[in-house]
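Taking it in order: structure first as structure tokens, then the write-up.
Below, the structure written as structure tokens:
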């Protein structure tokens, strides 16, 4: 791809090395971000190279045909080994593929490269809600995030709210931050057919019984204990009350089990673990309500994906969630009483649920990976231009 320069000339598009080694086996939010972005960058004609874990080599070769795909050592499946390799091995891969810019889609960057680096910092919620069970990881992630925010050539934030938090919490330079919203794959996340809804309902053992859906990790910021308590408040006196389905995995929140222990015997909680991607439209679109009452997000991808599936969504006004949901979702305070009241109102108002579902589906069409890729390409070019600019000495 040829880009116009500021002086009216043309320049060849930079070769981008995207480090996909941090993508977990279950894909999750990071995997959906990397996959969606790579496909859209490829469609835009970007000059791409990808480094990944060995188990993903074929996947990325098929996802971005023509890109240089490099599989790292087998040890990258272990987090500590991957973080060490990123400092020493990644710069060598960049040299091998003749990269012009390195994009790190998570919070760490190599310290020993002379190339411009672009890092995506998805959120800084760990600074507000550290993980009490794992203080070592919390300390490392916070330190690495501070370093990335200080040393990266450019920072990509997935929302304006996250950009503002990077400036407020970490003192990041706002002039080096580019906002690039996530997109949603409209083919993968769509209004489901009746058969898709039935398959998921049967898989969950509900067989047509209504349910409230949650998808995500069990991390304190996701506020799952208060969702459980709020759902109990909304349902405990209802005949034939909807079930609560807590899908997804990973994370840790000791309060979840404590909250589950208070659920009355007449109410049903289903914990199916990870659901395969093809099941998600039926899961979201078949729900009475999709509830995501998070206290902190970097973007809120499950909210957007549920909206694309035509689901009535209940979330909070925290962080970037109003940027995603706009007027097309229902909002609640994150406490149990607020969640319970909001759920009860939605249970009792099918017309409002239908209006929200239609509005959510329409709004989701505004978020595309194509637009996200264009914002990323602009950030890569800024990083390259910034790196090439004459450096002036300064005193601190």
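Numbering (full-length UniProt numbering), first residue to last: 1 to 396.
Built from N, CA and C at the ideal position, the CB exists for glycine as well.
Query raised in the report: Between the segment 207-225 and the segment 175-182, are three or more C-beta pairs nearer than 8 Å?
Result: no
Query raised in the report: Taking residue 153 as the reference, which of 109, 261, 143 and 319 has the closest Cα?
Result: 109
Report task. Could you pull out every residue in the same chain whose Cβ sits closer than 8 Å to the Cβ of residue 135, ignoring the five residues on either side in sequence? Result -> none
Report task. Pair every Cβ in the segment 362-370 with every Cβ in the segment 22-32, then say whether three or more of these pairs are closer than 8 Å. Result -> no
Query - Proximal residues to residue 167 (C-beta, below 6 Å), its chain only, five neighbours per side dropped - result: 174
Requested in this report: Taking residue 338 as part of the alpha helix (DSSP H), name the residues at either end of that continuous run.
Outcome: 336-347
Query raised in the report: Counting only beta-carbon atoms, is residue 58 nearer than 8 Å to chain B?
Result: Of the protein chains in this structure there is only one, and it is not chain B.
**Report entry** Whole-number beta carbon distance between residue 389 and residue 343, since they are thought to touch under 8 Å
**Finding:** Not confirmed; about 53 Å, so no contact.
Query raised in the report: What does a CB cutoff of less than 8 Å around residue 393 pick up in its chain, not counting 5 residues either side in sequence?
Result: Residue placement at residue 393 cannot be trusted, given a pLDDT of 44 that sits under 50; what the coordinates show is reported in the next sentence. The answer is none, since no qualifying residue turns up.
Query raised in the report: Cα separation between residue 171 and residue 305?
Result: 32 Å
Query raised in the report: Going by the CB atoms, is the gap between residue 125 and residue 296 shorter than 8 Å?
Result: yes
Requested in this report: Could you tell me which of 107, 75 and 50 sits nearest to residue 97, measuring between CA atoms?
Outcome: 50
Query raised in the report: How would you label residue 386, buried or exposed, when you count the other beta carbons within 10 angstroms and need 16 or more for buried?
Result: exposed
Requested in this report: Can you check the segment 177-242 for any beta strand (DSSP E) of at least 3 residues that lies completely inside it and give the ranges in chain order?
Outcome: 177-179 and 211-215
Query raised in the report: Nearest to residue 56 by alpha carbon, out of 69, 48 and 65?
Result: 69
Query raised in the report: If you follow the alpha helix (DSSP H) that residue 162 is part of, which residue opens it and which one closes it?
Result: 160-170
Query - Presumed contact (8 Å Cβ cut-off) between residue 256 and residue 215, rounded CB distance - result: No, residue 256 and residue 215 are not in contact; Cβ-Cβ is about 15 Å, not under 8 Å.
Query - Reduced DSSP category for residue 92 - H, G, I as helix; E, B as strand; rest coil - result: helix
Query - Inter-residue spacing [alpha-carbon to alpha-carbon] between residue 270 and residue 319 - result: 28 Å
Query raised in the report: CA-CA distance, residue 327 and residue 155?
Result: 29 Å
Query raised in the report: Quick one: Cα of residue 369 to Cα of residue 355, how far?
Result: 26 Å
Report task. Flag this pair as yes or no: are the beta carbons of residue 17 and residue 102 separated by less than 8 Å? Result -> yes
Report task. Tell me residue 353's beta-bridge partners as DSSP assigns them. Result -> Note: residue 353 sits in no beta bridge, so no partner.
Query raised in the report: Is the beta carbon of residue 185 less than 8 Å from the beta carbon of residue 36?
Result: yes
Query raised in the report: For residue 244, does the three-state DSSP call read helix, strand or coil?
Result: strand
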